[in-house]
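Encoded as structure tokens, the structure appears first; notes follow it.
Residue numbers (my numbering): 277 to 662.
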């Protein structure tokens with residue numbers, strides 16, 4: 277299908293959708309959740325352009341083999357990704373997990389403990405421990421795509437920032453944001469050495485109404501004592517410092533670019549404005565929540581992971597009553613930032629509807645760098661025109 281889509285590089289999780297249904301770990305079936313009708317225009321377009329009739333699914337099709345037969349180099353883990361020579365690669369497929377990839381906190385934790393010869397971490401439990409970081413995937417993707425004669429469009433998503441915000445798992449979405457920032461720096465460095473690359477950083481929405489609400493007034497050792505004693509007075513009133521009472525955090529950055537630990541003295545404290553009920557003690561959750569999309573989620577050890585925020589260890593924590601029903605934080609209508617770097621970046625200045633972004637991207641790609649008339653700066657006497 278590449279001739280119809282132009283797909284050249286695809287990396288992430290989701291290996292279960294590429295395996296034949298009879299292969300362990302696959303979740304392929306001959307059914308689809310897309311309810312197309314025979315009169316639906318979308319259906320006719322799919323039949324016409326893709327040559328696939330509605331409901332025509334071969335669940336035993338070996339998509340991994342088909343991709344490789346079509347010229348894609350395949351990477352199943354970081355080691356095999358590192359071994360691929362981008363200068364000799366036209367197409368690249370990387371599938372590093374059956375479902376969602378591990379988040380940055382757990383990947384970093386696994387790497388650090390592997391260096392010490394310690395196993396049994398979260399990444400081991402989820403079955404595929406040797407997963408690349410988002411910036412590492414971005415480096416390889418750009419190295420392959422740079423060889424395209426007619427340019428390219430690359431989308432790099434920090435998808436689990438949203439997922440972990442839904443879970444109100446603060447440290448996990450914070451470290452995933454750092455991971456995304458590192459990938460952004462890779463893209464910006466690529467654009468800085470070229471004159472033809474536009475980098476856009478944005479999101480589709482905010483999640484959970486996350487906000488910095490203050491800083492801890494106590495050391496981590498004291499926080500652990502208060503948690504052992506438990507209760508809202510100990511864990512909230514004696515910990516949460518606002519305004520001048522907020523402590524100042526001092527995170528130490530390790531050689532891998534991430535904090536040595538997220539459980540520091542006088543830590544940053546995050547609250548939520550669109551959260552469901554949860555228990556809080558301000559410390560890092562040792563385990564993430566279950567990934568319901570993992571094929572082996574109902575078997576040990578994954579079945580022992582908490583299934584929801586309210587199923588986490590409650591000892592010493594206090595209940596934070598949610599603003600929304602259910603077991604997950606919700607998306608909000610909070611404005612989201614949009615940053616642009618490179619030719620055409622001027623078009624992304626100011627406040628805009630998110631639906632405008634697509635058209636501005638198309639304009640930059642097709643017509644080049646265009647400065648909207650309303651954004652043209654008037655030169656000050658003695659200055660050159662921009």
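The C-beta atom is built at its ideal place from N, Cα and C for all residues, glycine as well.
query	result
Going by DSSP, what residues sit across from residue 516 in a beta bridge?	492
Taking only runs that begin and end inside the stretch 423 to 487, name each unbroken beta strand (DSSP E) of 3 or more residues, in chain order.	475 to 477
Residue 556 by DSSP, collapsed to three states: which one?	strand
Kindly indicate which residue of 551, 546, 567, 565 has the alpha-carbon position closest to the one of residue 557.	546
Starting from the C-beta of residue 518, find all residues in its chain whose C-beta is less than 8 angstroms away, skip the five residues before and the five after it, and write them out in chain order.	489, 490
State yes or no: is the C-beta of residue 484 within less than 9 angstroms of the C-beta of residue 550?	yes
Name the residue from 386, 413, 600, 396 whose alpha carbon lies nearest to the alpha carbon of residue 371.	413
What is the C-beta distance between residue 411 and residue 455, in whole angstroms, given that I count them as a contact (C-beta under 8 angstroms)?	7 angstroms
Could you spell out the range, first to last residue, of the alpha helix (DSSP H) harbouring residue 345?	339 to 345
Comparing alpha-carbon positions, which option in 336, 638, 463, 453 lies nearest residue 441?	453
Is residue 288 near residue 377, with beta carbons less than 9 angstroms apart?	yes
I need the straight-line Cα distance from residue 368 to residue 431, nearest angstrom please.	14 angstroms
For residue 299, which of 335, 307, 618, 285 has the nearest alpha-carbon?	335
Quick check: the Cα distance between residue 373 and residue 486, rounded to an integer number of angstroms?	28 angstroms
Give the DSSP bridge partners of residue 615, in chain order.	477
Apart from the five residues on each side of it in sequence, which residues of its chain come closer than 7 angstroms, Cβ to Cβ, to residue 401?	577, 578
Return the CA-CA distance between residue 324 and residue 435, expressed in angstroms with no decimal places.	32 angstroms
Take residue 284 and list the residues in its own chain whose beta-carbon comes closer than 8 angstroms to its own, dropping the five residues that flank it on each side.	278, 366, 367, 368, 420, 421, 424, 428
Enumerate in chain order the residues of its own chain whose CB-to-CB distance from residue 382 is below 6 angstroms, with the five nearest sequence positions on each side excluded.	398, 399
Which residue or residues does DSSP assign as beta-bridge partners of residue 288?	371
Indicate the three-state DSSP secondary structure (helix, strand or coil) for residue 414 in the structure shown.	helix
So residue 357 packs on residue 416, CB below 8 angstroms; how close in whole Å?	6 angstroms
Should the stretch 564 to 576 be regarded as contacting the stretch 520 to 535, the criterion being three or more beta carbon pairs within less than 8 angstroms?	no
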